[in-house]
Amino acid sequence: MKVASVVGARPNFVKLAPLSRALRERFHEVIIHTGQHYDYEMDRIFFDEIGIPEPDHHLGVGSGSHGKQTGEMLARIEDVLMKEEPDAVVVLGDTNTTLAGALAAAKLHVTLVHVEAGLRSYDRRMPEEINRVLVDHCSDILCCPTKTAVDNLRREGIVDGVYLTGDVMVDAMNLCMDISKRSTILERLDLRPKEYMLATLHRAENTDDDERLWGIIGAFEDIGSSLVFPCHPRTERRLRDLGLWDSLSESIKVIKPVGYLDMLQLERNALRILTDSGGVQKEAYILRVPCVTLRDRTEWVETVNDGWNVLAGASRESIVRYAKGFAPNRSQTHIFGDGEASRRIADVMESFMCSSRDTAQE
Ligand code: UD1
Ligand code: UDP
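The UniProt record's numbering applies: residue 1 is where the sequence shown begins, and numbers increase by one.
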């Protein structure tokens, strides 16, 4: 049986690394790369460093407004699916690539598998929330990382095809943890373990809102030289446009985005992590590093309920206060998975596709 995995943005690549291995043990997998991300540090480095197979199709869509980008991807993915005729399409997470892959598959009546289904921040201002809801509502197989995700789907009336598989990002971390310990990033940046904080920032609700961006960047400057900031190209562009780039670069350590192995090493050794990323919040929790989230809501509610993640929003004062003093005082009760999510997803897909084939032959 043939499966097409659709990826295009950084978090899609990280999730595909372990999943692709599991899929290739039982299916013929074809990888479709939309080209949503294209800078070396946002794209190729993941294929070079963490063993994701080369894409079979590269659609070269690149950047654009949501409608233009998603529409271009939809048209080009549809062409490939019509040629490849896969038995199932796999989409991962909540990016525009995920939405385009899902729509293309659903319109062609190809079995659609959503990996990381059921997450909700309940904030429709986030483009990712729109993508999650739409993709879940047209998927045939919904692979949920947590029980909360299963419950979220049930509240929306989605019960058929829902599986609690665990989180493929745990699998990705397991796959790369040992090798990431050989990363020399701390030496290269002259950092000592637990003497620095790590920040990431790229979500549209922060970068495209001047007031929020000023609050967060002001906090970064207050924290000063102990802060390391691998800066997403979207954020760099905004900071340059607003004339904030030079002063920020003088106050804190701003670097290019790093590969996944360097990122795990930076995360593991950080005193605290400040982020608006979904994936980084979860990685902080799993690595037992206190996390200050630069958002008002999160889809990873378990990390907050357990006391290891705090929602600081975009207020300069709150961010600085939590960055200096946030210390979890409870042990962790939640697990995101046992590192077997990819295998479980492949199991579920195999039995679903075999039973659909048997029904069709009857
Ligand atoms: C996308 C996802 C977001 C995810 C993030 C991961 C959507 C709606 N958003 O946001 O959920 O958290 O990826 O990193 O899909 N750019 C470059 N080089 C690149 C990629 C982007 O310069 O390789 C710049 C361009 O100016 C582009 C901007 O970043 O316009 C935004 O890129 P885009 O892919 O639209 O969204 P992200 O902010 O990366
Ligand atoms: N990541 C990385 N290098 C960076 C920033 C993030 O390798 O400079 C990894 C991070 O460890 C996680 C994934 O990218 O595995 C998360 O992607 P991102 O924050 O871009 O997107 P989100 O999870 O918010 O959708």
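We put the CB at the ideal spot given by N, CA and C, even for glycine. These numbers come from a predicted model, not from an experiment.
Sequence-distant residues of its chain with Cβ nearer than 8 Å to residue 131 (five each side left out) | Answer for residue 131: 94, 95, 96, 98, 99, listed in chain order.
Beta carbon of residue 274, beta carbon of residue 201: below 9 Å?
-> yes
Whose CA, out of 357, 345, 361, 126, lies closest to the CA of residue 91?
-> 345
Bounding residues of the beta strand (DSSP E) (the contiguous stretch that carries residue 229) | 227-230
C-alpha gap between residue 402 and residue 86, whole angstroms = With the chain covering 1 to 362 only, the question about residue 402 has no answer from this structure.
If residue 27 and residue 52 are in contact, beta carbons under 8 Å, what's the gap, nearest whole angstrom?
-> 16 Å between Cβ atoms; not a contact.
Report the partner residues of residue 5 according to the DSSP bridge assignment.
-> According to DSSP, which records beta bridges pairwise, residue 5 is partnered with 31, 90.
State the Cα-Cα distance for the pair residue 245 and residue 76, rounded to the nearest angstrom.
-> 36 Å
Taking Cβ positions, are residue 3 and residue 88 nearer each other than 9 Å?
-> yes
Based on the DSSP output, what are the partners of residue 253 in its beta bridges?
-> 228
Could you pull out every residue in the same chain whose Cβ sits closer than 6 Å to the Cβ of residue 199, ignoring the five residues on either side in sequence?
-> 227, 229, 274
Inter-residue Cα distance where the pair is residue 61 and residue 325 | 43 Å
Would you say residue 283 touches the ligand UD1, meaning its beta carbon is less than 8 Å from a heavy atom?
-> Flag unset: Cβ of residue 283 not near the ligand UD1.
Beta carbon of residue 114: closer than 8 Å to some heavy atom of the ligand UDP?
-> no
For residue 277, which residues of its own chain have a beta-carbon under 6 Å away from its beta-carbon, when the five flanking residues on both sides are left out?
-> 200
Would you kindly work out how many angstroms separate the C-alpha atoms of residue 224 and residue 112, rounded to a whole number?
-> 46 Å
So what does DSSP say about residue 363, is it helix, strand or coil?
-> In the structure as shown, the chain starts at 1 and stops at 362, and residue 363 therefore has no counterpart that could be examined.
Enumerate, from N- to C-terminal direction, the unbroken alpha helix (DSSP H) stretches of 4 or more residues contained entirely within the segment 138-177.
-> Counting only runs that start and end inside the segment 138-177, the alpha helix (DSSP H) elements of at least 4 residues fall at 147-155.
Could you check where the beta strand (DSSP E) with residue 311 kicks off and where it finishes?
-> 309-311
Mind checking residue 157: buried by the 16 CB within 10 Å criterion, or exposed?
-> exposed
Whole-angstrom C-beta distance between residue 179 and residue 261, which should lie under 8 Å | 6 Å
Which of helix, strand or coil DSSP assigns to residue 61 = coil
Under 9 Å between C-beta atoms, does residue 205 make it to chain B?
-> Although the question refers to chain B, the structure presented lacks it and comprises just one protein chain.
Locate the alpha helix (DSSP H) running through residue 74, then write down its first and last residues.
-> 66-84
Anticipated Cβ contact below 8 Å, residue 142 with residue 114, distance rounded = At roughly 5 Å, the Cβ-Cβ gap stays under 8 Å, so residue 142 and residue 114 are in contact.
So, residue 33 versus residue 8, is the Cβ gap smaller than 9 Å?
-> yes
Have a look at 74, 15, 5, 22 and flag the residue whose alpha-carbon is nearest the alpha-carbon of residue 343.
-> 22
Beta-carbon proximity of residue 232 to residue 193, cut-off 9 Å = no
Any heavy atom of the ligand UDP closer than 8 Å to the Cβ of residue 160?
-> no
The beta strand (DSSP E) enclosing residue 274, as first and last residue numbers = 272-275
For residue 41, the nearest candidate out of 259, 341, 338 (CA to CA) = 259
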